[in-house]
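Below is one structure; the comments refer to it alone.
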Amino acid sequence: SEVVREAVREARDQIKEAIEAAADAAAEAAAESGAQGDVTVNITPPGRRRDYFTLGDELPTIAFLWIAMSIILKITYKGRLQAEVKAAQATETAEAEQLKRQVVEARMAAMQAQVEPHFLFNTLASIDHLIETDPKRASVMQKNLIALLRASMPTMREANGGGNGVRDLGREMAVIQPYLEILKVRMEDRLTTEIDVPEGLVSAEFPPMMLQTLVENAIKHGLEPKPEGGHLAVKAEIVHGKLAVSVSDTGLGFGRAATAGTGVGLANIRERLQLLYGPKAGLTIAENPGGGTRATITVPYKPVEGAHA
323 SEVVREAVRE
333 ARDQIKEAIE
343 AAADAAAEAA
353 AESGAQGDVT
363 VNITPPGRRR
373 DYFTLGDELP
383 TIAFLWIAMS
393 IILKITYKGR
403 LQAEVKAAQA
413 TETAEAEQLK
423 RQVVEARMAA
433 MQAQVEPHFL
443 FNTLASIDHL
453 IETDPKRASV
463 MQKNLIALLR
473 ASMPTMREAN
483 GGGNGVRDLG
493 REMAVIQPYL
503 EILKVRMEDR
513 LTTEIDVPEG
523 LVSAEFPPMM
533 LQTLVENAIK
543 HGLEPKPEGG
553 HLAVKAEIVH
563 GKLAVSVSDT
573 GLGFGRAATA
583 GTGVGLANIR
593 ERLQLLYGPK
603 AGLTIAENPG
613 GGTRATITVP
623 YKPVEGAHA
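Heads up, the sequence shown is in the numbering used here, so the first residue is 323 and it goes up one at a time.
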């Protein structure tokens, strides 16, 4: 690393300076020994051969050891500082991601809160009208509305409760099915639906409120503006090891309806998928082969223990 290279360069310069200093010291010691004799130390016990050495001979070794220890200490200290900086950056990034996720979830919940009262009031008005004209259909719509509220309220509450933002596909379908049944009563023969979700996939992990947003967009911007209505299909399948959930309609086509649409719902879905799964998930919008639009959410396939039955 750059720290090691810098330390080696400094050590090389310090060793060079130390050798030059040791050579100068040795030269001075040699000059002084000519007049006064070398400073020697006797390290031989009595009766044995004497070995003599000069203090100047050991200076390069001592200097080298001192420099080596300095390098080790410097590298260790810088490595520790870098580790602390990286840990602080990782903590800051995690906190920022968590805050961003909370903002996106709050934005999604706010948008959902705007949609639900409008749909609820229209449904209640339809029930009130059908009570006088067709009590049997009014009863069916009322039962579906109760099922929708029973399924959607816990989902919205859990999605806003600071959890991991992921539930199971079965719970999402428990919201979609009564929602479509209510719309079929309101739109009568202008709307036909098809749901193809294998039993083995209802326990798969799937983020809340995303599927409902796709279905609402298909109805509002694709099928309702079309005089003769059309067909809506919800399908779940495993594609290349991932769970792909698609909503297809035979409506006017993406962006062709003269309805007020800002694209915030789709943007929120993409942002939430990025926060939850990164590049492993995504949302694609394409033309439906039968006319209209096909929106597909792809997420990693993962069963959820204790999933909604």
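Backbone N, C-alpha and C define an ideal beta-carbon position, used for all residues, glycine too.
Here Glu516 is bridged, per DSSP, to Ala555. When the five nearest sequence neighbours on each side are left out, the beta carbons in the same chain lying within less than 6 Å of the beta carbon of Asn610 are those of Ser570 and Arg616, in order along the chain.
When beta bridges are read from the DSSP output, Pro622 appears opposite Lys564.
Considering only Ala473, Thr514, Gln534 and Gln464, the residue with the shortest C-alpha distance to Glu550 is Thr514. The three-state reading of DSSP puts Ala608 in strand, counting E and B together.
C-alpha of Leu533 to C-alpha of Gln464: approximately 23 Å in a straight line.
Comparing alpha-carbon positions, the option among Ala566, Gly573 and Phe443 lying closest to Phe528 turns out to be Ala566. Within the DSSP bridge table, the entry for Phe528 names Arg489 as partners. For the set Lys602, Gly614 and Gly613, the Cα lying nearest the Cα of Tyr623 is the one of Lys602.
Linking Thr445 to Leu597 through their CA atoms gives a straight-line distance of about 34 Å. Counting along the chain, Leu574 sits inside no alpha helix (DSSP H), nor does DSSP assign it H or E at all. In the DSSP assignment, Leu598 falls within the alpha helix (DSSP H) that extends over Val586 to Tyr599. The C-alpha of Gly612 lies about 58 Å from the C-alpha of Glu406. Of all C-beta pairs linking the segment 490-500 to the segment 443-457, fewer than three are shorter than 8 Å, placing the two stretches out of contact. Take Arg592, set aside five residues on each side of it, and the residues of its chain with a beta-carbon closer than 8 Å to its own are Gly604 and Leu605, in chain order.
Taken through DSSP and simplified to helix, strand or coil, Ala603 comes out as coil. Just so you know, the alpha carbons of Asn466 and Met509 end up roughly 15 Å apart. For the pair Ile504 and Leu470, the CB atoms are nearer than the 8 Å cut-off. In this structure, the beta-carbon distance from Val561 to Val519 does not fall below 8 Å. Here Tyr501 is actually not in contact with Val524; their C-beta atoms are around 17 Å apart, not less than 8 Å.
When the Cα atoms are used, Thr415 and Thr535 turn out to be separated by approximately 30 Å. The Cβ atoms of Val497 and Ser474 lie closer than 8 Å to each other.
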